[in-house]
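Chains F and W are the protein sequences, given in the same order.
Using this note's numbering, read the first sequence as starting at -10 and increasing by one per residue.
Using this note's numbering, read the second sequence as starting at 9 and increasing by one per residue.
Even for Gly, the Cβ is constructed at its ideal location relative to N, Cα and C.
Remember, predicted model here, so these are calculated numbers, not experimental data.
Just below is one structure, and these are the notes that go with it.
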Amino acid sequence: MKAVYLESVGVLGPGLPDWETARRVLDGELPHRAEVPRPDPPQLPPNERRRVPQLVRWALAVAHEALAGAERAAGEVAMVFSSSSGDGEIVHKLCEAVTSPEREVSPTMFHNSVHNAAPGYWSISTGSQQRSVALCGYDASFAVGLLEAVGFVLAEQVPVLLVACDLPFPEPLTPLRDIRLPFGVALLISPAPGNRAFARWRISLGAGVQPARFPRMLPPALATNPAAQALPLLAASRASTAQRVSIVYVGDRHMTVETSPCR
Amino acid sequence: MDLDGVALDTWIGRVGGVEEEQILARLAEFDCRNNRLAQLGLRQDGFDAAVALARAHYGPERIAVLVGTSTSGMENCERAYRQRDRESGALPGWFKERYSLNLFSVADFVQRYLELSGPAAAISTACSSSAKVFASAARMIDAGYADAAVVGGVDSLCLTTLYGFESLDLLSRRPCRPCDAARDGISIGEAAGFALLERPGCAQGGVALLGYGESSDAFHMSSPDPSGDGAYAAMQFALQRAGIAPSEVQYINMHGTGTPANDRIEDRAIFRLFGASVPCSSTKGWTGHTLGAAGIVEAIICALCLEARLIPGTLNLDRIDPAFASRVAAAPETRDLRYALSNSFGFGGSNCSLLLGRAA
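The following block contains the structure:
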């Protein structure tokens, strides 16, 4: 399988307000602190800004960080958005609305309920008419998104911004989905080793499940978040030697990423 | 309309036999309307048998499963909300997010039903979902992660989409009338559709996916861009990828939902790219708007039309909107067809066009 190149990263999670901090926490330079960030909505007219759902705010915050890190324009990159369970707050409100006697649904809530809301708002707020796709692979959503992104990069030879994001469900949905902490990550993956590239990846699928160890300096509760399955890979991609990382894929399969530094 | 106590003045396209469909015993935990509809779809036209042959040929790990859906098992979740505990608000114990509400449920179900173990994903970009699966499958095969792909789209009726489209004033009070001067909205339908894609030279079928084109409107979450630039770009990219000139396309299956804005904007985009010579029609008068399943339903209609040399008409069309400039086929026409284009546009400004061709 041909290689792809990691140009930049955006991260948002408890105690991980950006990639610079996350990098230092993963390297053991900084202790992990558990404050949950509150991302700002994207640049939109004020009445639109208020309506932007939480999951979209998280997704766009990490997407902007990765884009800036790669010194690229939004119009240059396609987007692959992956989320295991979408926006639970919206699911809850819609279900309450349609099972209430009035059955009145908010039109904004309804259009915000689409799984591609994040790429939709990304395109509206940046003006990019680039292609995007939104997908889901349950617990394996990060690996499913990564395979789609890498397939995209290899088949079309364009840079792709992979955004993976999951938030805990609100009551009464909480017991149904064990996602204990919020997390979002964006990876700018490119077909060629440009100036900014810092890791070279070769990705394959294999039999059996051999998940990589979750970084020990991070709270184990974060490992329940499907998007946070990116963290062992990011930790390995920082290493000065070649590494092999295993990520849980669909069914009884796993994804292997062979990563090596390219700086 | 006839759906569990729904009091909306609209028409729906409901698939018969979904209630009676029994989910395969080994997959019983996946039981919900959407997966019943998926299974009903998989059992049609010898599809599961064709996949079994491909599985023996390529190996189960070399066949991808990519399924488009917008609401997956949302209907199951709504049902659970109607049974919440009065005191605690808790949802009933039978409700499992993973096997119904979760978008991946339908892709997971299809992959297990067909006993495949290659790349898998649920693709959810609203009403372009099951057109996008073709693009993802082509990339997955091109990149070498699969030798073949089962692509599909499954969306089933639920309160959320019915009341959601009602809140946006997009439901027609009559069976939808795409391209008609008096069109007043969509009729929601449900559907499951599947196709098996293989590399050129390997496939048994006589119809090929020659190109796909994707774009984003960058305009609004639920209204299409009045300029039609996104729709135009998607169609143009599909032609470019296929290496086919606009004049070679002999039929366009429109997204043609029957809303005033969609059909007007799509007509202008088609006219800009194809002029007034290529016949186009919307088949949603027959099927209703099957949302996340619309892309594959209409790709299959195009494939059937290529084989039958038929340009379908536009059902319920009394008077073509006099403002339209493209050539809308009101009645069916018979002619030698080689290339057909199918359009799908979704909320979030997600556009996808597929170019299909018949082997010479």
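- [ ] Express the C-alpha separation of Ile304/W and Ser361/W in angstroms, rounding to a whole number.
- [x] 11 Å
TODO: Could you give the DSSP three-state label for Thr245/F: helix, strand or coil?
DONE: strand
TODO: With a cut-off of 8 Å on the beta carbons, I'd call Ser71/F and Phe158/F a contact; round off their distance for me.
DONE: Not really, about 17 Å apart at Cβ, beyond 8 Å.
Task: Nearest-angstrom beta carbon gap, Leu74/W and Val141/W [assumed within contact, 8 Å] - done: 4 Å
- [ ] Give the secondary structure of Met262/W by DSSP, where H, G and I count as helix, E and B as strand, and everything else as coil.
- [x] coil
- [ ] Determine, using beta carbons only, whether Thr86/W comes closer than 7 Å to chain F.
- [x] Checking the sequence, you will find Glu at residue 86/W rather than Thr. Closer than 7 Å: yes.
Open item on the list: Am I right that Gly126/F and Val45/F are in contact with their C-beta atoms under 8 Å? What's the rounded C-beta distance?
Closed with: 20 Å between Cβ atoms; not a contact.
- [ ] Quick one: which residues of the region 126 to 145 of chain W get their C-beta closer than 7 Å to a C-beta of chain F? List them in chain order.
- [x] Pro127, Ala128, Ala129, Ala130, Ile131, Ser132, Thr133, Ala134, Lys140 and Ser144
- [ ] Determine, using beta carbons only, whether Glu29/W and Leu48/W come nearer to each other than 7 Å.
- [x] yes
- [ ] Using three-state DSSP, classify Phe203/F as helix, strand or coil.
- [x] coil
Open item on the list: Rounded to the nearest angstrom, what separates Ala2/W and Ala146/W at their Cα positions?
Closed with: Outside the modelled stretch of chain W, which goes from 9 to 368, sits residue 2/W, for which no answer is possible.
Task: Short CB-CB distance (under 7 Å) between Ser89/F and chain W - done: no
TODO: Please name the residues in the region 103 to 116 of chain W whose beta-carbon is closer than 9 Å to at least one beta-carbon of chain F, in chain order.
DONE: Phe103, Lys104, Glu105, Arg106, Leu109, Asn110, Leu111, Phe112, Ser113, Ala115 and Asp116
Task: Residues that Ala367/W contacts on chain F, provided the C-beta gap is smaller than 9 Å - done: What Ala367/W touches in chain F: nothing, since even the nearest Cβ is about 23 Å away.
Open item on the list: Which residues in chain F have a C-beta closer than 8 Å to the C-beta of His228/W? List them in chain order.
Closed with: Ile113
Task: According to DSSP, residues forming a beta bridge with Ser179/F - done: Tyr(-6)/F
Task: Stretch pair the region 50 to 59 of chain F + the region -3 to 12 of chain F: three plus CB contacts closer than 8 Å - done: yes
Open item on the list: Would the region 170 to 182 of chain F count as touching the region 90 to 102 of chain F if we require 3 or more Cβ pairs under 8 Å?
Closed with: no
Open item on the list: Please return the same chain residues whose Cβ sits closer than 8 Å to the Cβ of Arg185/W, not counting the five positions on each side in sequence.
Closed with: Arg191, Asp192, Gly266, Gly293, Asn324, Leu325 and Asp326
- [ ] For Ala225/F, collect the residues of the same chain with a Cβ closer than 6 Å to its Cβ; drop the 5 residues on either side in sequence, then sort them by chain order.
- [x] Gln232, Val234 and Thr248
Open item on the list: For the alpha helix (DSSP H) containing Gln248/W, name the first residue and the last one.
Closed with: Asp237 to Ala250
Open item on the list: Could you check whether the Cβ of Gly236/W sits closer than 7 Å to any Cβ belonging to chain F?
Closed with: no
Task: Proximal chain F residues relative to Thr18/W, where beta-carbon distance stays under 7 Å - done: The premise fails here: Thr18/W is roughly 13 Å from chain F at the closest Cβ pair, so nothing lies under 7 Å.
TODO: Verify the CB distance criterion: does Leu281/W have a CB-CB separation below 7 Å to chain F?
DONE: no
TODO: Could you list which residues in chain F have their beta carbon closer than 9 Å to that of Ser224/W, in chain order?
DONE: Met68, Pro108, Gly109, Trp111, Ser112, Ile113, Ser117, Gln118, Gln119, Arg120 and Ser121
- [ ] Return the CA-CA distance between Leu109/W and Met148/W, expressed in angstroms with no decimal places.
- [x] 26 Å
Open item on the list: Is Val(-7)/F close to chain W? Criterion is C-beta to C-beta, closer than 7 Å.
Closed with: no
Task: Three-state secondary structure assigned by DSSP to Arg103/W - done: Position check: residue 103/W holds Phe in this sequence, whereas Arg was assumed. Three-state result, Phe103/W: coil.
Open item on the list: With a threshold of 7 Å between beta carbons, is Phe172/F in contact with chain W?
Closed with: no
- [ ] Please report how far the alpha carbon of Thr115/F lies from the alpha carbon of Ala59/F, in whole angstroms.
- [x] 16 Å
Open item on the list: Spatial neighbours of Gly77/F within its chain, please: C-beta separation below 8 Å, excluding the five flanking residues on both sides.
Closed with: Leu156, Pro157, Phe158, Pro159, Leu162 and Arg166
Open item on the list: For a cutoff of 7 Å on Cβ pairs, would you count Pro42/F as touching chain W?
Closed with: no
Open item on the list: Counting only Cβ-Cβ distances shorter than 7 Å, please list the residues of the region 31 to 53 of chain W near chain F, keeping chain order.
Closed with: none
Open item on the list: DSSP three-state label for Leu122/W, please.
Closed with: coil
TODO: Would you tell me roughly how many angstroms separate the C-alpha atoms of Thr18/W and Trp8/F, rounded to the nearest one?
DONE: 50 Å
- [ ] Determine contact between the region 163 to 183 of chain W and the region 98 to 111 of chain F, defined as no fewer than three beta-carbon pairs at a distance below 8 Å.
- [x] yes
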